[in-house]
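**Q** Take this structure first; my questions come after.
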Amino acid sequence: MHFVLFGVLLLLPVGWSTNSELKTWPCKWTLPNATYDLCSFQLNKESQISYFTVWDNDTIANVRNFSYLFNVAATLVSAPETESCTNLTMRNNYDLPMGQTNKQTKKAGAYQAAHGHTTPGCYRLHDGKASPVWSFYDKTNPSSGVVLTYPNGDYCPEYLVSAYTMQTNKKYTNRQMRLEFTCGGKIDNYPDKEESVAEDGCVYTIRIPTLFGCPLECPIVDERLCNGYGVCDFDYTSQKSKCFCFMVGDTLKKATVKMNEHIYRKGKFGDDCSLNEDPDVETKVEVNDSGYMAGLIVIIILMFITAAILIYLFRKLRNTLAISALRAKQETLKSDEDSDDGMLDDDYCTNMIILHHKTRLLKTNQHNEKQEIKEEGKLCTILCNNHQAKERKSTTCSPSMKRFYLSRSYRLVERWTASLEEEKNKTKQTNKQKKVTIGNLQ
């Protein structure tokens, strides 16, 4: 059935005791896992209306309509102005609503008024004394909403059908009203519009979706639940209701970036989803560099080993090349000695020695062989050093090279001296022959 809810102006109709005071009960319900606050719906003497009214316009042939009058966690501020609840003789005499089984002068928190009947009726859905009963809208999800139930209303026949005999049994029970405030809708959705109402026997349920039906653990920011960047739900890990915040610009996906052992989420954070950074995560990156240090040490050791190997190979190659060059030089010098014709080869050191020797010999026309060899040895050392610095890019000759050049110079000087003596002897012999020939001619 569907009902239409209207606000009724504060009036004081005839028949309602003016001495009956407004009774209120706690409008806030606190539990470890959720807290609900319905005080915004609780009407008082300063309110513009004295009770909420729901009209049932969806019954058979619209001939038996009902209206439901109620306050939230309080009795009605003033008597209902519905005729069936005010103008009955017994009701006026005892200040009682229609259908009551005993005298009761207290106002109730909810009423049911019948319209379009041969005999209009008015029934109490609450005895005006018992405290409303709080419960979760969904026991498995404490954040889904809250229910406020008014107990101990007037008796009504409840017809039960036996599953075995298929006979209808009549049972009297107390009427009740259940006000279900579900988490959702808008903040301004007060019970003054069309609501969803269900009738189960003598229990009448009105469902009101509103943001005030959400637990206080899901804050309302700028008239939006969870600042509009999240949903209110129950955290089964912490056993508490909370806002689950969305990604910015995407309410269905969550993006994470993993850095070392920390996870950073891009979106809204905080209890009300109004923060841009997660207050529960310290933005501190701890880098464990022990592995990096070990790797760096290994790399340095490998570099030293590689450098040592390269130095060893370079020295070995240099020695090999030096030995090869020396051997090649020795072979060249040996070949020059074997083919020497008195003018020697183009060896820089030895040629300079011979040139020096010839120059001195031409100047003095005589020589001391030992003295010449000694001076030539000194000259060889000087020339060898100069030659090495020029050709081999070395500052000085090695001792072995000096000895090599010196001994070779000795041999070459001896051979050159012998050649010179032979030429002298030939010259003398020629001169003698010339003299003999001239003598014979004379």
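Residues -17 to -1, 1 to 425 in mature numbering (1 follows the signal peptide of the UniProt record, and there is no 0) are what the sequence shown lists, from first letter to last.
A virtual CB, placed ideally from N, CA and C, is assigned to each residue, including glycine.
Which value, in whole angstroms, describes the spacing of the CA atoms of K112 and A91?
**A** Numbered from 1 along the sequence shown, position 129 holds the residue referred to as residue 112. Numbered from 1 along the sequence shown, position 108 holds the residue referred to as residue 91. Answer to the nearest angstrom: the Cα atoms are 8 Å apart.
**Q** Quick check on S307: does DSSP put it in helix, strand or coil?
**A** Counting from 1 along the sequence shown, the entry for residue 307 is found at position 324. It is helical.
**Q** What beta strand (DSSP E) runs, 3 residues minimum, are completely inside the segment 164 to 238?
**A** 178 to 183, 186 to 193, 213 to 218, 223 to 228
**Q** Any idea what DSSP makes of N157, helix, strand or coil?
**A** In the sequence shown, counting from the first residue as 1, residue 157 sits at position 174. The three-state secondary structure of N157, taken from DSSP, is strand.
**Q** Considering only DSSP beta bridges, list what A113 is partnered with.
**A** The residue labelled residue 113 in the question sits at position 130 within the sequence shown. DSSP output for A113 lists no bridge partner at all.
**Q** Using the rule of at least 16 other Cβ atoms within 10 Å of the residue's Cβ for burial, across every protein chain shown, is K169 buried or exposed?
**A** On the sequence shown, position 186 is the one that residue 169 refers to. Exposed, since its Cβ has fewer than 16 Cβ neighbours within 10 Å.
**Q** Please report the straight-line C-alpha distance between S402 and Q416, rounded to a whole angstrom.
**A** Taking the first residue of the sequence shown as position 1, residue 402 is located at position 419. Taking the first residue of the sequence shown as position 1, residue 416 is located at position 433. C-alpha separation (whole angstroms): 21 Å.
**Q** For the putative contact between K28 and V60, defined by C-beta atoms under 8 Å, what is the C-beta separation to the nearest angstrom?
**A** Locating residue 28 in the sequence shown gives position 45, counting from the first residue. Locating residue 60 in the sequence shown gives position 77, counting from the first residue. Contact flag correct, Cβ pair sits at about 6 Å.
**Q** Going by beta-carbon coordinates alone, are F204 and F164 separated by less than 7 Å?
**A** In the sequence shown, the residue the question calls residue 204 occupies position 221. In the sequence shown, the residue the question calls residue 164 occupies position 181. The sequence as given places Val at residue 204; Phe does not occur at that position. Not a contact, by the Cβ cut-off of 7 Å.
**Q** Starting from the Cα of F35, find the closest Cα among E64, P198, A17, L304 and give me that residue.
**A** One-based indexing of the sequence shown puts residue 35 at position 52. Out of E64, P198, A17, L304, E64 has the C-alpha closest to the C-alpha of F35.
**Q** For the beta strand (DSSP E) containing T132, name the first residue and the last one.
**A** Indexing the sequence shown from 1 puts residue 132 at position 149. Looking at the DSSP string, the run of the beta strand (DSSP E) that includes T132 is 128 to 133.
**Q** Classify V281 as helix, strand or coil using the three-state DSSP reduction.
**A** Here residue 281 corresponds to residue number 298 of the sequence shown, with the count starting at 1. Reduced to three states, the DSSP call for V281 is helix.
**Q** For S50 and A96, which I take to be in contact (beta-carbon distance under 8 Å), what is that distance rounded to the nearest angstrom?
**A** Counted from its first residue, the sequence shown places residue 50 at position 67. Counted from its first residue, the sequence shown places residue 96 at position 113. About 5 Å separates the two Cβ atoms, so the contact holds.
**Q** Would you please state the rounded distance, in angstroms, between the beta carbons of L108 and Q159? I believe it to be under 8 Å.
**A** Here the question's residue 108 lines up with position 125 in the sequence shown. Here the question's residue 159 lines up with position 176 in the sequence shown. Yes, L108 and Q159 are in contact; Cβ-Cβ is about 6 Å, under 8 Å.
**Q** Taking DSSP's pairing of strands, which residues face K11 in a bridge?
**A** Taking the first residue of the sequence shown as 1, we reach residue 11 at position 28. Bridge partners of K11: D20.
**Q** What does Y295 pair with, by DSSP beta-bridge criteria?
**A** In the sequence shown, counting from the first residue as 1, residue 295 sits at position 312. According to DSSP, which records beta bridges pairwise, Y295 is partnered with nothing at all.
**Q** What does DSSP give as the partner residue(s) for C105 in the beta ladder?
**A** Looking up residue 105 in the sequence shown gives position 122. Answer by DSSP bridge pairing, in chain order: A96.
**Q** Between which two residues does the beta strand (DSSP E) carrying T36 extend?
**A** As a first step, residue 36 must be located in the sequence shown, where it is residue number 53. Unbroken beta strand (DSSP E) run through T36: 32 to 39.
**Q** Using a 10 Å radius around the Cβ and a threshold of 16 neighbouring Cβ atoms, would you call G196 buried or exposed?
**A** Against the sequence shown, residue 196 aligns to sequence position 213. G196 comes out buried.
**Q** What span of residues does the beta strand (DSSP E) with S257 cover, start to end?
**A** Against the sequence shown, residue 257 aligns to sequence position 274. Element bounds for S257: n/a, residue is neither H nor E.
**Q** Could you name the residues that DSSP lists as bridge partners for N48?
**A** Counted from its first residue, the sequence shown places residue 48 at position 65. Its beta-bridge partners are H98.
**Q** Should F297 be labelled buried (16 or more other beta-carbon atoms within 10 Å of its own) or exposed?
**A** Sequence index remark: in the sequence shown, residue 297 carries index 314 (1-based). Its Cβ having fewer than 16 others within 10 Å, F297 is exposed.
**Q** Check S61 in the structure and name its three-state DSSP category.
**A** For the purposes of this step, residue 61 is taken as residue 78 along the sequence shown, with counting starting at 1. Looking at S61 - three-state DSSP - the assignment turns out to be coil, as it is neither helix nor strand.
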